[in-house]
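**Student:**
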Amino acid sequence: MCGIVGAVAKNDIVTTLLNCLQCLEYRGYDSSGIAVLEAPQVLRRLRAVGKIDNLRTALQDFPLAGKVGIVHTRWATHGAPTEANAHPHFSQNEIAVVHNGIIENYYELREELQGAGYEFHSETDSEVIAHLIHKYYQKTHNLLQAVHLARQCLSGMYAIAVIHASEPNRLIGVRQGSSLVVGFGENGHFIASDCVALTSVAEEFIYLQEGDLVDIYDTQVVIYDNECQLVEREQQILHFSSEAIERGVYKHYMQKEIFEQPYAVANTFAECLHSNLISDGTFSVAAKELFPKVKRIQIVACGSSYYAGLVARYWFEAIANLPCRVDIASELRYQKTVIEPGTLLVAISQSGETADTLAVVRQAREVGYLAWVAISNVAASALMREADLAFLTHAGIEIGVASTKTFTTQLVVLFLLSITLGEYNGLDEQRALQLTQALRNLPAQLEQTLVLDAVLQKLAKKFITKQHALYLGRNICYPIALEGALKMKEISYIHAEAYPAGELKHGPLALVDENMPVVVLLPKDELVAKMESNIKEVQARRGEVIVFADSSLDCSELGDVMVIKMPEVIKEVAPIVYTLPLQLLAYHTAVQKGADVDQPRNLAKSVTVE
Ligand code: M6R
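So the sequence shown is residues 20 to 629, counted in this note's numbering.
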């Protein structure tokens, strides 16, 4: 969940390191720090609580300079977000380490190292790494060997960057369960948790593989595998448009990303649809052999991605005629489940780095799944690289912590997958064409929902004084109620709960009074009458109802409710369309409450720890 960057450069690298780190702030933002080698034997560091801007300010009073350095932005796991717990961690003023991940055996190591005389200055699991490397350096006097020996004692998931005061032109990085890339630049070579951090300094990259150790010494970059054997890894040229990572005219990244959805959705299906037919190559050649063998689906994901999975269950069952189960990864990984023959595991993760989701797929073959498919927005993520079949959502870089365009593009991929599997499973050709046409119509319909922006900004005023809100949906739109409530919770800190509307009278109705705004999703389907009854139940308890309703529905009988007219869409694609106004409502509520929309408290975009 933390972000790390390191560099061995030709010129002073402090400002560059901070700029690179700022691009990783989405991974954690409760404290940050930097360590540089100012001269041989002169290792200096500065750390600050809060966002990276605080570190920049601190650097004005205590400037640092150096050509070799490491930086870190933290999402606290072990120990509160204090300066002492912020990285880099030092050992004896000789070694500096930054770490992303969790060291599971840190407690035993800490006791052992304390026994050997090492003093600890933080509550983190990470500090053991610095002392452990120091211990081995005492024996080897060689940083590369010391890191290699130390890593063999560590259990858990980590990416680390290490520098040593006596080896002034050297930077070592290790990838073990947490992502790490190497960037080759004009002014030097870098490592970082995500290549997004290095877009301004490098165009050529190597994605390290699990267990890789990279040794950057002056201008040389050498990679070793887990066994310390030299290995070659493919170097890739990547171009990032600056537009993709700039906010442009928008106040927040989240706002920009909400408004990018018509384009992101179109981009995601563009390469797959030809004259409304899903092209053969969409799910790769291997899919042709695999898909006829699929008898059922198991979806696994976390957070918003899990809600995308809940929507997809309806599609897999109704369109592809395949039984489907959806589980939260952190639950499934510790659960004994019966896996029927022919079960395809579908893992959804915008980051492709979520620890729990990765843990489930890494057991996939062993426990008997037919194969596993990855759906992610990050092509180079562990999830995508390890999958039997990988499908990229073309949402473009998403920087706001709250998922928006990555969520709707996940839905597009899942919809395409359900049609494709349906075609092997008796889906009528005309129906398939109707569904793909509905997909084609989406970008224009999403544009129409964005026109509601001003209305939703006004509506948000009602929410800012509330403590709670209720979201109701049914059937395929129930997961969208869940997603709308999650957006409201995570960025505006209003307690929002979602229920299938039919459950209302089984408990949550007790919460409804004049202080409870109730958001209702009313697409045009066979459940409209049922939903209308639920709305009446809320009105009878003086709850304030806001209905997002298909424009073709006559809502006049609902009486005193606020009706927001949605584009006319078939029920199958309603989840994608109804997501956008709920994102906008949460966004405007958070802005009006003065919350930090792009970096909500306590959260991070990549959840690389359990
Ligand atoms: O990267 P993932 O999709 O695996 O992340 C899972 C959740 O952490 C994520 O969907 C989270 O719930 C959203 N960012 C919330 O908006």
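Don't be surprised by glycine CBs; every beta carbon is placed ideally from N, CA and C.
#1: For Thr92, report the span of its beta strand (DSSP E) as first-last.
#2: For the region 178 to 188 and the region 66 to 73, state whether three or more C-beta atom pairs, one from each stretch, are separated by less than 8 Å.
#3: Do three or more CB pairs link the region 443 to 460 to the region 589 to 607 at distances below 8 Å?
#4: If we ignore side chains and look at the alpha-carbon of each, how far apart do Asn621 and Gly175 end up?
#5: Whose C-beta lies closer than 6 Å to the C-beta of Glu336 among residues of the same chain, with five residues either side of it excluded?
#6: To the nearest angstrom, how far is it from the Cα of Val564 to the Cα of Arg93?
#7: How many whole angstroms separate the CB atoms of Ile510 and Lys485, which I take to be in contact at a CB cut-off of 8 Å?
#8: Is the beta carbon of Gly415 sitting closer than 8 Å to the one on Glu279?
#9: Name the two residues that bound the continuous alpha helix (DSSP H) containing Ala184.
#10: Can the beta-carbon of Asp231 be found closer than 8 Å to that of Asp213?
#11: Report the residue from Leu491, Cys172, Ser552 whose alpha carbon sits nearest the alpha carbon of Phe567.
#12: For Pro462, does the three-state DSSP call read helix, strand or coil?
#13: According to DSSP, simplified to helix, strand and coil, what is His108?
#14: Please tell me whether Ile114 and His183 are closer than 8 Å, where the distance is taken between their beta carbons.
#15: Runs of 4 residues minimum, wholly inside the region 249 to 293: which ones carry the alpha helix (DSSP H) assignment?
#16: Should Glu509 be counted as a contact of ligand 1 given a C-beta to heavy atom distance under 7 Å?
#17: Nearest to Ser625 by alpha carbon, out of Tyr48, Glu222, Leu433, Phe81?
#18: Below 6 Å CB to CB, which residues in the same chain sit around His413 once its five sequence neighbours on both sides are set aside?
#19: Taking DSSP as the reference, what is the three-state secondary structure of Phe519?
#20: Can you check the region 147 to 182 for any alpha helix (DSSP H) of at least 4 residues that lies completely inside it and give the ranges in chain order?
#21: Is there contact between the region 22 to 31 and the region 84 to 101, where contact requires at least three CB pairs shorter than 8 Å?
#22: Give me whichever residues DSSP pairs with Pro536 in a beta bridge.
#23: Taking all protein chains shown into account, do 16 or more other C-beta atoms lie within 10 angstroms of the C-beta of Ala548, making it buried, or fewer, making it exposed?
#24: Where do the N-terminal and C-terminal ends of the alpha helix (DSSP H) with Phe606 fall, by residue?
#25: Within the structure, which residues are defined as neighbours of ligand 1 by a Cβ-heavy atom distance below 5 Å, reported in chain order?
#26: Buried or exposed: Arg384, going by 16 or more other Cβ atoms within 10 Å of its Cβ?
#27: Cα-Cα, which of Leu430, Ala221, Asp532 is closest to Ala488?
#28: Are the CB atoms of Thr143 and His108 within a distance shorter than 8 Å?
#29: In its own chain, which residues sit with a C-beta less than 6 Å from the C-beta of Ala95, not counting the 5 before and 5 after it?
#30: What would DSSP say about Glu308, mapped onto helix, strand or coil?
#31: Quick check on the burial criterion: 16 or more other C-beta atoms within 10 angstroms. Buried or exposed for Thr356?
#32: Within its chain, find whatever has a CB closer than 8 Å to the CB of Glu359; leave out the 5 residues flanking it on each side and keep chain order.
#33: Going by Cα to Cα distance, which pick from Pro600, Asn112, Val539 is closest to Pro59?
#34: Which class does Ile438 belong to by DSSP, given the choice of helix, strand or coil?
#35: Can you name the start and end residues of the alpha helix (DSSP H) that Glu127 belongs to?
#36: Report the three-state DSSP secondary structure of Met403 (helix, strand or coil).
**Tutor:** Judging by the given coordinates:
#1: Here the beta strand (DSSP E) through Thr92 covers 87 to 93.
#2: No, they do not touch.
#3: With the cut-off at 8 Å, the region 443 to 460 and the region 589 to 607 touch.
#4: So the two alpha carbons sit approximately 22 Å from each other.
#5: Correct list, in chain order: Cys343.
#6: C-alpha of Val564 to C-alpha of Arg93: approximately 41 Å in a straight line.
#7: 15 Å between Cβ atoms; not a contact.
#8: Taking a C-beta distance under 8 Å as the contact criterion, Gly415 and Glu279 qualify as a contact pair.
#9: Careful: Ala184 lies outside any alpha helix (DSSP H) and carries neither H nor E.
#10: Taking 8 Å as the Cβ cut-off, Asp231 and Asp213 do not qualify as a contacting pair.
#11: Checked all of Leu491, Cys172, Ser552; the closest Cα to Phe567 is Leu491.
#12: Residue state, collapsed to three classes: helix.
#13: Here DSSP, grouped into helix, strand and coil, assigns His108 to strand.
#14: Contact: yes.
#15: For the region 249 to 293, whole alpha helix (DSSP H) runs of length 4 or above, ordered along the chain, are 261 to 264, 272 to 278, 280 to 289.
#16: The answer is yes for Glu509.
#17: Checking every option, the nearest Cα to that of Ser625 belongs to Tyr48.
#18: Its chain contains Asn286, Thr287 as the residues whose beta carbon lies nearer than 6 Å to that of His413, once the 5 sequence neighbours on both sides are disregarded; these appear in chain order.
#19: Contrary to the premise, residue 519 reads as Pro rather than Phe in this sequence. Here DSSP, grouped into helix, strand and coil, assigns Pro519 to strand.
#20: Whole alpha helix (DSSP H) segments, 4+ residues: 162 to 170.
#21: Yes, the region 22 to 31 touches the region 84 to 101.
#22: Its beta-bridge partners are Glu563.
#23: Exposed.
#24: According to the sequence provided, residue 606 is Tyr. The question's Phe does not apply to it. If you look at Tyr606, you'll find it in the alpha helix (DSSP H) that goes 593 to 611.
#25: After applying the 5 Å Cβ criterion, the set is Cys321, Gly322, Ser323, Ser324, Ser368, Gln369, Ser370, Thr373, Ala421, Ser422, Val626.
#26: Its Cβ having fewer than 16 others within 10 Å, Arg384 is exposed.
#27: Nearest of Leu430, Ala221, Asp532 to Ala488, Cα basis: Asp532.
#28: Less than 8 Å separates the beta-carbon of His108 from that of Thr143.
#29: A distance below 6 Å between beta-carbons, with the five flanking residues on each side excluded, links Ala95 to the following residues of its chain, in chain order: Asp49.
#30: If DSSP states are grouped into helix, strand and coil, Glu308 belongs with the helices.
#31: Classified as exposed, Thr356 has fewer than 16 neighbouring CB atoms from the shown chains inside 10 Å of its CB.
#32: So the qualifying residues of the chain are Lys314, Arg315.
#33: Nearest of Pro600, Asn112, Val539 to Pro59, Cα basis: Asn112.
#34: Looking at Ile438 - three-state DSSP - the assignment turns out to be helix.
#35: Residues 125 to 134.
#36: Helix at Met403.
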